[in-house]
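Below: one structure, written as C-alpha cells.
Residue numbers (the numbering used here): 1 to 473.
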C-alpha cells in the first residue's frame, strides 16, 4: 500500500493528487456490494512512443483518413464524425470504419488500469460507456471461467433490437439478468459486438433518451442496480452535460434532490472541468477523486487486495479449487517442495494470475492422476516446472510423469513449459524432458516471485488471450 492510513484517507500514491479519499469508507462499500463502477474512455489507453495515449484519441487520425476528413478537423471521434456528416457522408460508414479499426487493434495489450479494476473481485457488475472490448479481455484474464458471452455480457441498444447473428452470439441485448452472475459486463452506450454504439453527440442523445423513455419493465433490472448503488465513474465516462444526463437517467430523480449514498467521480481536473466539479461538489454532493484513472484503479486494487484478500500460503492452499482452472498456470512440484510451490502460488494469487496445483498426491484419493493430466493437456496456458534437489534425486517421482505429459503437449515455436529453479543448490538439472533441456531456466529461490517474473507471466497470458497461443520470440 502507498503511504498514509485508512483513518486519514490520504495516500502518497497517484490517486491522492487532490481531495482526500476516505479509503476505509469506499473499500467497505465496495466489499458490501454497494458500489457500481462506470468505466469511461479515460481508463482505456495505449502505448504510443513510450507514452500512454487515450485509445479513442489514438484512433482519430486513421478514422479521419478512412472517412476522408481533413486532419485539421480531426480532433476527436465526435469531430471526425460531424465533419464527415457535414460533408455529405453516410452515417453507416462511421460505425463500419470504427468496427474495422477496433478489430485491427485487437492485439493491443489491455490497459493496466482495466487489468487492476478487473481484479477487484467484489465488483460483480461493470458498466462501460466505451464500445471496445478491452474491459472484456481484462475480465477474461482476471476471472477464470468468465467469457464475453450472453451469460456474462450485455449491451443497450435504443429502439429496435438488432437481429444480427453476430450480436446475438456474442452478448445479451436489453436488460440485465434478473439474478446477476458473479461477473457481468454491460455496455451502456452500445458495443461493436452489438453493431450499435455511440460515437458522436447525437448518438449519446439517442442512447440516453432511449434509456429515459424505454418502458420500465424492459430495463427493470438495470435501472434497479443504477438507482440503488453508489456509482464510481472512472475515466471521463462522458462530456459534462452527458454525465449529468446519464446520472439523471440512472437515479430516476432530480439530482439536486438526491439523498443517501454518495457517488464518486475519479479523473484528472482538465478532463472534468471546473463547471462539472462545481456542479457535482456543490449541487449533487458527488465525491470528486482528483487522480489519473489508471493510477486510481491500481491504488484501489492494491488497497482492496490488502484489506480483503489473504494471500498467505495457508489461505492460498485452503482456497485452492479442487478442479483444474481453465486458462490457468499449472505448477508442477515434488511433494518435498510443497512450501515453495505454495509460496509461488501465493505470489501468483497476489498478482491476480489464475493458477492450479495438484494437492491430491498429498491427501490421496481415487483416480488422482486424472485431474493433473486434464489440467496439463487441456486447461492450462502455462506449465511451471519447479526444479529442486528433490526433483533431481529420483526419476520415478510422479512429478516427472507430469513433465512428460507437458512434453507431449509442447508445440515447437510456442511457449508452454517454463523451468523454474527453486533450489539454489541445483545449477545443472538433468531430469527435465529432452524437449526442454535447452530452455532458459528462471530462478526463484524458495518459490518467491519477483516483479520481473510476474510481468513475464502476465505478458504471456495477455498474448494468449489476444491470440490463443503464446509465441516463442
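Even for Gly, the Cβ is constructed at its ideal location relative to N, Cα and C.
Simplified DSSP assignment, three categories, for residue i
| i | result |
| --- | --- |
| residue 115 | helix |
| residue 470 | coil |
| residue 288 | strand |
| residue 188 | coil |
| residue 352 | coil |
| residue 427 | coil |
| residue 417 | strand |
| residue 262 | coil |
| residue 37 | strand |
| residue 21 | coil |
| residue 225 | helix |
| residue 399 | helix |
| residue 127 | strand |
| residue 462 | helix |
| residue 168 | Only weak support is given to the placement of residue 168: the predicted model assigns it a pLDDT of 45, under 50, and the value that follows is read from those uncertain coordinates. It is helical. |
| residue 457 | helix |
| residue 122 | coil |
| residue 379 | helix |
| residue 394 | coil |
For residue j and residue i, believed in contact at Cβ under 8 angstroms, the rounded distance
| i | j | result |
| --- | --- | --- |
| residue 31 | residue 308 | 6 angstroms |
| residue 429 | residue 392 | 6 angstroms |
| residue 418 | residue 385 | 7 angstroms |
| residue 438 | residue 421 | Incorrect: roughly 15 angstroms between the Cβ atoms, too far for contact. |
| residue 41 | residue 235 | 6 angstroms |
| residue 80 | residue 63 | 5 angstroms |
| residue 44 | residue 37 | That pair is no contact at about 14 angstroms. |
| residue 35 | residue 102 | Between residue 102 and residue 35 the Cβ distance is about 28 angstroms, and since that is not below 8 angstroms, they are no contact. |
Beta carbon of residue i nearer than 8 angstroms to that of residue j
| i | j | result |
| --- | --- | --- |
| residue 175 | residue 219 | yes |
| residue 144 | residue 354 | yes |
| residue 333 | residue 348 | no |
| residue 221 | residue 177 | yes |
| residue 291 | residue 266 | yes |
| residue 249 | residue 300 | no |
| residue 29 | residue 298 | no |
| residue 123 | residue 135 | no |
| residue 325 | residue 346 | no |
| residue 105 | residue 185 | no |
| residue 359 | residue 320 | yes |
| residue 330 | residue 390 | no |
| residue 406 | residue 416 | yes |
| residue 498 | residue 69 | Absent from the structure is residue 498, since the part of the chain shown begins at 1 and ends at 473. |
C-alpha gap between residue i and residue j, whole angstroms
| i | j | result |
| --- | --- | --- |
| residue 411 | residue 113 | 33 angstroms |
| residue 164 | residue 195 | Since pLDDT at residue 164 reaches only 45, below the 50 mark, its modelled position is unreliable, and the value read off the structure follows with that caveat. Computed Cα separation, rounded: 8 angstroms. |
| residue 74 | residue 60 | 6 angstroms |
| residue 464 | residue 457 | 11 angstroms |
| residue 454 | residue 214 | 46 angstroms |
| residue 469 | residue 141 | 14 angstroms |
| residue 95 | residue 382 | 38 angstroms |
| residue 473 | residue 107 | 16 angstroms |
| residue 289 | residue 247 | 17 angstroms |
| residue 146 | residue 372 | 22 angstroms |
| residue 121 | residue 153 | 16 angstroms |
| residue 474 | residue 242 | The structure shown does not extend to residue 474, since the chain is modelled only from 1 through 473, so no value can be given for it. |
| residue 98 | residue 343 | 45 angstroms |
| residue 150 | residue 201 | 28 angstroms |
| residue 305 | residue 379 | 26 angstroms |
| residue 87 | residue 188 | 29 angstroms |
| residue 337 | residue 432 | 16 angstroms |
| residue 207 | residue 262 | 25 angstroms |
| residue 365 | residue 224 | Since pLDDT at residue 365 reaches only 46, below the 50 mark, its modelled position is unreliable, and the value read off the structure follows with that caveat. Taking the straight line from one Cα to the other gives about 47 angstroms. |
| residue 118 | residue 351 | 12 angstroms |
| residue 47 | residue 130 | 18 angstroms |
| residue 133 | residue 85 | 26 angstroms |
| residue 49 | residue 435 | 38 angstroms |
CB contact check: residue i to chain D, cutoff 8 angstroms
| i | result |
| --- | --- |
| residue 88 | No chain D is part of this structure, which consists of one protein chain only. |
In chain order, which beta strand (DSSP E) runs of at least 3 residues are fully inside the segment 46–117?
51–54, all fully within the segment 46–117.
Any beta strand (DSSP E) of 3 or more consecutive residues that is wholly inside the segment 304–341
Within the segment 304–341, the beta strand (DSSP E) runs of at least 3 residues that lie entirely inside it are, in chain order, 328–332.
3-residue-minimum beta strand (DSSP E) runs that sit fully inside the segment 132–159, ordered along the chain
With a minimum length of 3 residues, the continuous beta strand (DSSP E) runs that stay inside the segment 132–159 are 153–155.
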